[in-house]
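Numbering (the numbering used here), first residue to last: 243 to 428. From the three backbone atoms N, C-alpha and C, an ideal C-beta is built for every residue, glycine too. A short worksheet on the structure shown next.
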């Protein structure tokens, strides 16, 4: 999850010892995390990734996940390549002489992503940007209040304006969209 139960409870001003809504909050955080990853077109948890890529024919090769911590194995047509540099934050590999052009000729195994927040004692310190954590907490609250997809409300006389959806996906609240915008894969 992109945010912890304790962080959400702090934001929602729920006492730590009140566990009556923990299951509901946890499910909302899980769903919010998945929705944010889907909108950003990437996963945020640090892990090892294996992918087969097309050769770009340029000096730049974009990996699908980032930030990149390390590249363990990189091959072009089964030949190991090690003369490249990593632009970690963008997931780009730079090779001065250029990457060959071709379909599915590059295989990469690399470690990428962020250490996610955890309530576990002794867990590694999170590296996930706080904007993503906050977006998750806000979206989870919207799910719990069932206001996702509502652009505006008016009480008297009662009126609701719903967001337009794009291809069936959830329309995220504007503040969530603003918080995650820098993290969307382009």
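Tell me, please, which residues DSSP counts as bridged to residue 289.
Per DSSP, 354.
Exposed or buried, what is residue 378 when buried is set at 16 or more other beta-carbons lying within 10 Å of its beta-carbon?
buried
Give a yes or no on whether 8 Å exceeds the smallest Cβ distance from residue 272 to chain B.
No chain B appears in the structure shown, which is made up of a single protein chain.
Between the C-alpha atoms of residue 385 and residue 419, what's the straight-line distance to the nearest angstrom?
15 Å
Same chain, Cβ closer than 8 Å to residue 369, five either side skipped, listed in chain order
Listed in chain order, the non-local C-beta contacts of residue 369 below 8 Å within the same chain comprise 288, 356 and 357, local neighbours out to five positions each way being set aside.
Within the continuous beta strand (DSSP E) that includes residue 330, where are the two ends?
Unbroken run through residue 330: none, as it is neither H nor E.
Buried versus exposed call for residue 383 [16 or more other C-beta atoms within 10 Å across all chains shown]
buried
If I follow the unbroken beta strand (DSSP E) through residue 304, where does it start and stop?
Taken as a continuous stretch (DSSP letters only), the beta strand (DSSP E) holding residue 304 covers 302–304.
For residue 322, which of helix, strand or coil comes out of DSSP?
strand
May I ask you to report which of helix, strand or coil DSSP gives residue 249?
Helix, per DSSP.
So what does DSSP say about residue 426, is it helix, strand or coil?
coil
What do you get for residue 251, buried or exposed, if any count of 16 or more other CB atoms within 10 angstroms of its CB means buried?
Residue 251 comes out buried.
Rounded to the nearest angstrom, what separates residue 345 and residue 427 at their Cα positions?
21 Å
Report the rounded CA-to-CA distance for residue 277 versus residue 422, giving the unit in angstroms.
11 Å
Do residue 310 and residue 333 count as a contact pair if the criterion is CB distance below 8 Å?
yes
List the whole-angstrom C-beta distance separating residue 359 from residue 249, where the pair is believed to meet the contact cut-off of C-beta under 8 Å.
6 Å
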